[in-house]
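Have a look at the structure below, then the notes.
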DNA sequence: AATAGCACTCATGGCCTGCGAGTGCTAACA
DNA sequence: TGTTAGCACTCGCAGGCCATGAGTGCTATT
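Protein chains in written order, with this note's numbering: chain L, 1 to 348; chain E, 1001 to 1348.
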């Protein structure tokens, strides 16, 4: 493939500047950029710019939709831009403070935080956003509660070390009193605290039928069977940005609605602190060929991490979007650390 | 307004049949219906049909987009159709059985049920769907759990009579042991079981600072402050149905994404067993002027109820959609009754 | 290496026109 | 009185044509 070649192509200072301007203007306006329109900013004549454009086109970084039109960036062009040209911080300190303030004002509620994070991400990046609650790779038992709702149906509430709550209803063979249930739950909690699913499975023997039955479900709930809830926001704004060509919007919707598609994407999230940029699916994902996605991870490494990111048209303000994702992951990581900090240090 | 007049207009048998055919054909094809195309089905000449069409047009039930085009239904026409013509059951018994089977196969998990309900609704009605978990109008305390996550931060888990689970993190003034927390939670649970928020508030006096602090949050969580989670599905399919005219799709997205807009709509849900049909916003809701919405309520009356419905283009298969909503509400009501049935009888 | 000039390309939008689908009306008919 | 056949009329739509102008590539020049 020529992609690597293109990314490593040697460009003069001025050519890079030209590419940058083409991308920035195109992202803003959506129309092809002509050589003439860059004359004033570049300080050279249109003919010179045209020559440079020729070089950029030969390198596969820009293209013209037809003969008598200006140039638009190719996917390669965007990648070069993101890798070499775009850098620095596109969020003002006022914006940062405002965001942090919103989080400290909100109640200490994970659900609210996730919603808020998704809302801020989409608003700041002018794209759709997605956030998953922090999950630990290895789920550890923390607390079990059994509550009778009616005669034979009981409600199981399982709390994991990282604060995840999972619930399941269960129908017993025969009705049991709340006292019995509470006692059973306390016994199982004492027995299983801190254990992983496999460790619990190893200790199933010698327990009563009820206890075994309950623990089987505990193990199931601790496994990956539970699909993570994904918080989304900013879909509406995305529609506006796709104005005419609705195929991109359709693709975005399809991906954002399909839980399984999102889960695949989320697995692409980098490690904490890094940011992953996937432009136009990079040829690997057909179903986001018209979209770009920027992913980050937050949380406490090795303990519990979550994913956050934005998803927008290929023609996107990468600088701002990347800055937003980066800032939000560090902010969320700090929040997590404040909540789970001491647990982490004591359990490692 | 002429709307009521139009709905009560006296039409001959044949004119009703004509209206019905126009709507059914238009809903299917999306193109205006000509008099000629109805000749074979109606068994009379096109001139006769044209005369009847004239009557229908005078009554405001149909209209022609321009001189040389066929007729399309007006909003009034759809309303007449839904009120007078459409009735009966548009779901085969096979479909009904399949749906019921899917529910009985799924695990006893409210979250899964909601997702499944939304998925089925949207698939059967070929529209977007929305479902809210059952909520009781008057929240009643059932169980409280306090779990220490790290030194001063604890996790509150509140379970209500109807099975709702609400959580909140809380930072204490000083760290407390898990034993103390468990004991406190047990004491508060004993004290508050079965009470409403206001009843709990009346018994705040004479408690320790910690207990008061916890109960304050319990009261807050029991209040309506907590926004209901709304399950949605079928957005993608809706986009397809709006093919060219994207303004309708945009409206749909805007409504479905905006939590507050949905909450307003959900309040329009009828009582259990009824179905409410709102066509093109009925002039009351600007923001769904291009959409129709069909709402139902399910659950156990006076105990806990939820809302479900579908949202699609005005040009929608009302018969099928209404049947689907009606069937799903009764199915979900039955499921709820099986879970909470005995509680209901014992608490009333 | 940068620039001025020029010929060339081609998408876009306006204008015109013929076609045909579908109607409304009138007169004949059962 | 309700139904039908016939006919004139309307008007959206698709296709063809053309002028326009934006923007380029190339070449000669500084």
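The beta-carbon is built from N, C-alpha and C at its ideal position, and this holds for glycine as well.
Residues, ordered as in the chain, of the stretch 155–170 of chain L that lie near chain E by beta-carbon distance below 8 Å: 155, 157, 159, 163, 165, 167, 168, 169 and 170
So with CB distances below 7 Å, who are the chain E contacts of residue 36 of chain L? Translated into positions along the first chain, residue 36 of chain L becomes position 36. Simply none; closest approach about 33 Å.
Determine the burial state of residue 1093 of chain E: buried for a count of at least 16 other Cβ atoms within 10 Å of its Cβ, exposed for fewer. In the second chain, residue 1093 of chain E corresponds to position 93, counting from 1. Under this definition residue 1093 of chain E is an exposed residue.
How would you label residue 1079 of chain E, buried or exposed, when you count the other beta carbons within 10 angstroms and need 16 or more for buried? Position 79 of the second chain, counting from 1, holds the residue named residue 1079 of chain E. Residue 1079 of chain E is buried by the Cβ-count criterion.
Runs of alpha helix (DSSP H) lying entirely within the stretch 1164–1250 of chain E, each at least 4 residues, in chain order: 1178–1192, 1197–1201, 1209–1222 and 1235–1241
Residue 1060 of chain E versus E/1235, E/1068, E/1074 and E/1047, residue with shortest Cα-Cα distance: Within the second chain, numbered from 1, the residue matching residue 1060 of chain E stands at position 60. Measuring from the Cα of residue 1060 of chain E, the nearest candidate turns out to be E/1074.
Close-in-space but distant-in-sequence residues of the same chain around residue 330 of chain L (CB under 7 Å, 5 per side omitted): Residue numbering aside, residue 330 of chain L sits at position 330 when the first chain is read from its first letter. Closer than 7 Å at the Cβ level, and outside the excluded window around residue 330 of chain L, lies no residue.
State buried or exposed for residue 52 of chain L, treating a residue as buried only when at least 16 other CB atoms are found within 10 Å of its CB. Locating residue 52 of chain L in the first chain gives position 52, counting from the first residue. Its Cβ being crowded by 16 or more others within 10 Å, residue 52 of chain L is buried.
Inspect the beta-carbon positions of residue 21 of chain L and residue 130 of chain L and report whether they are closer than 8 Å. Here residue 21 of chain L refers to the residue found at position 21 when the first chain is read from its first residue. Here residue 130 of chain L refers to the residue found at position 130 when the first chain is read from its first residue. Cβ atoms of residue 21 of chain L and residue 130 of chain L: not closer than 8 Å.
Output needed in chain order: residues of the stretch 1245–1261 of chain E with a Cβ under 7 Å from some Cβ in chain L. 1246, 1250, 1253, 1254 and 1257
Check whether the Cβ atoms of residue 275 of chain L and residue 326 of chain L sit closer than 8 Å, and answer yes or no. As a first step, residue 275 of chain L must be located in the first chain, where it is residue number 275. As a first step, residue 326 of chain L must be located in the first chain, where it is residue number 326. In contact: residue 275 of chain L and residue 326 of chain L (Cβ atoms closer than 8 Å).
Could you check whether residue 218 of chain L and residue 172 of chain L sit closer than 8 Å to each other, using their CB atoms as the reference points? Residue mapping note: residue 172 of chain L aligns to position 172 of the first chain, counting from 1. Residue mapping note: residue 218 of chain L aligns to position 218 of the first chain, counting from 1. No, Cβ-Cβ distance for residue 172 of chain L and residue 218 of chain L is not below 8 Å.
Can you pull the chain L residues whose beta carbon is under 8 Å from the beta carbon of residue 1147 of chain E, in chain order? One-based indexing of the second chain puts residue 1147 of chain E at position 147. Going along chain L in sequence order, the residues near residue 1147 of chain E (Cβ under 8 Å) are 142, 143 and 159.
Is the stretch 94–112 of chain L close to the stretch 137–156 of chain L, with three or more CB pairs under 8 Å? no
Outcome for residue 240 of chain L when other beta-carbon atoms lying within 10 angstroms are tallied against a minimum of 16: Translated into the one-based positions of the first chain, residue 240 of chain L becomes position 240. Exposed, by the Cβ-count rule.
Check residue 18 of chain L in the structure and name its three-state DSSP category. As a first step, residue 18 of chain L must be located in the first chain, where it is residue number 18. Looking at residue 18 of chain L - three-state DSSP - the assignment turns out to be helix.
Less than 8 Å between the CB atoms is what I'm expecting for residue 1336 of chain E and residue 1134 of chain E, so what's the real figure, rounded? Locating residue 1336 of chain E in the second chain gives position 336, where the first residue counts as 1. Locating residue 1134 of chain E in the second chain gives position 134, where the first residue counts as 1. The Cβ separation is near 6 Å, so the contact holds.
Just how far apart, CA to CA, sit residue 1036 of chain E and residue 1114 of chain E? On the second chain, position 36 is the one that residue 1036 of chain E refers to. On the second chain, position 114 is the one that residue 1114 of chain E refers to. Between residue 1036 of chain E and residue 1114 of chain E, the C-alpha separation is close to 46 Å.
Can you give me the C-alpha to C-alpha distance between residue 297 of chain L and residue 46 of chain L, rounded to a whole angstrom? Translated into positions along the first chain, residue 297 of chain L becomes position 297. Translated into positions along the first chain, residue 46 of chain L becomes position 46. Whole-angstrom Cα-Cα distance: 44 Å.
Going by beta carbon distance, what residues of the same chain come within less than 8 Å of residue 1041 of chain E, once the five residues before and after it are set aside? If you number the second chain from 1, residue 1041 of chain E lands on position 41. For residue 1041 of chain E, where only same-chain residues beyond five positions count, the Cβ hits under 8 Å are 1021.
Inter-residue spacing [alpha-carbon to alpha-carbon] between residue 18 of chain L and residue 28 of chain L: The residue you call residue 18 of chain L lines up with position 18 of the first chain. The residue you call residue 28 of chain L lines up with position 28 of the first chain. Rounded to the nearest angstrom, the two C-alpha atoms are 15 Å apart.
Residue-chain proximity (residue 172 of chain L, chain E), Cβ-Cβ < 8 Å: Translated into positions along the first chain, residue 172 of chain L becomes position 172. Taking Cβ atoms only, chain E never reaches closer than 8 Å to residue 172 of chain L, which makes this a no.
What whole-angstrom Cβ distance do residue 1251 of chain E and residue 1291 of chain E have, given they're in contact under 8 Å? On the second chain, position 251 is the one that residue 1251 of chain E refers to. On the second chain, position 291 is the one that residue 1291 of chain E refers to. The Cβ separation is near 6 Å, so the contact holds.
If we ignore side chains and look at the alpha-carbon of each, how far apart do residue 301 of chain L and residue 1277 of chain E end up? Working through the first chain from its first residue, we reach residue 301 of chain L at position 301. Working through the second chain from its first residue, we reach residue 1277 of chain E at position 277. So the two alpha carbons sit approximately 51 Å from each other.
Of all the residues that make up the stretch 1226–1241 of chain E, which are near chain L by a beta-carbon distance shorter than 7 Å? 1235, 1236 and 1239
Given residue 1012 of chain E, which residues of its chain have a CB within under 6 Å of its CB, disregarding the five upstream and five downstream residues? Your numbering for residue 1012 of chain E matches position 12 in the second chain. Excluding positions up to five away in sequence, the list is empty.
Could you tell me how far apart the beta carbons of residue 269 of chain L and residue 324 of chain L are, in whole angstroms, since I believe they sit closer than 8 Å? Locating residue 269 of chain L in the first chain gives position 269, counting from the first residue. Locating residue 324 of chain L in the first chain gives position 324, counting from the first residue. Contact doesn't hold; Cβ gap of about 15 Å is too wide.
Checking 8 Å against the spacing of the C-beta atoms, do residue 1310 of chain E and residue 1128 of chain E come in under that value? Residue mapping note: residue 1310 of chain E aligns to position 310 of the second chain, counting from 1. Residue mapping note: residue 1128 of chain E aligns to position 128 of the second chain, counting from 1. Yes, the pair counts as a contact, with Cβ atoms nearer than the cut-off.
Quick one: give me the first and last residue of the alpha helix (DSSP H) that residue 383 of chain L is part of. Since the first residue shown for chain L is 1 and the last is 348, residue 383 of chain L is missing from the structure and cannot be characterised.
With distances taken from CA atoms, which of E/1295, E/1334, E/1339 and E/1304 is nearest residue 1378 of chain E? Within the shown structure, residues of chain E are numbered from 1001 to 1348, placing residue 1378 of chain E beyond reach of any answer.
Pull out every residue of the stretch 1087–1108 of chain E whose Cβ sits closer than 9 Å to any Cβ of chain L, in chain order. 1107 and 1108
Could you spell out where the alpha helix (DSSP H) holding residue 124 of chain L opens and where it closes? Residue 124 of chain L sits at position 124 when you count from the first residue of the first chain. Where residue 124 of chain L is concerned, the enclosing alpha helix (DSSP H) stretches over 110–125.
Let me know the secondary structure DSSP gives residue 314 of chain L once reduced to three states. For the purposes of this step, residue 314 of chain L is identified with residue 314 of the first chain, where counting begins at 1. Residue 314 of chain L: coil per DSSP, three-state reduction.
What residue range is occupied by the uninterrupted alpha helix (DSSP H) comprising residue 1269 of chain E? Here residue 1269 of chain E is taken as the residue at index 269 of the second chain, counted from 1. Neither: residue 1269 of chain E is in no alpha helix (DSSP H) and is coded neither H nor E.
Under 8 Å between C-beta atoms of residue 1132 of chain E and residue 1230 of chain E: On the second chain, residue 1132 of chain E is found 132 positions in, with the first residue counted as 1. On the second chain, residue 1230 of chain E is found 230 positions in, with the first residue counted as 1. It is a contact, given that the beta carbons lie within the stated cut-off.
If the cut is a Cβ gap below 7 Å, which residues of chain E does residue 153 of chain L touch? Here the question's residue 153 of chain L lines up with position 153 in the first chain. Neighbours of residue 153 of chain L on chain E, chain order: 1339.
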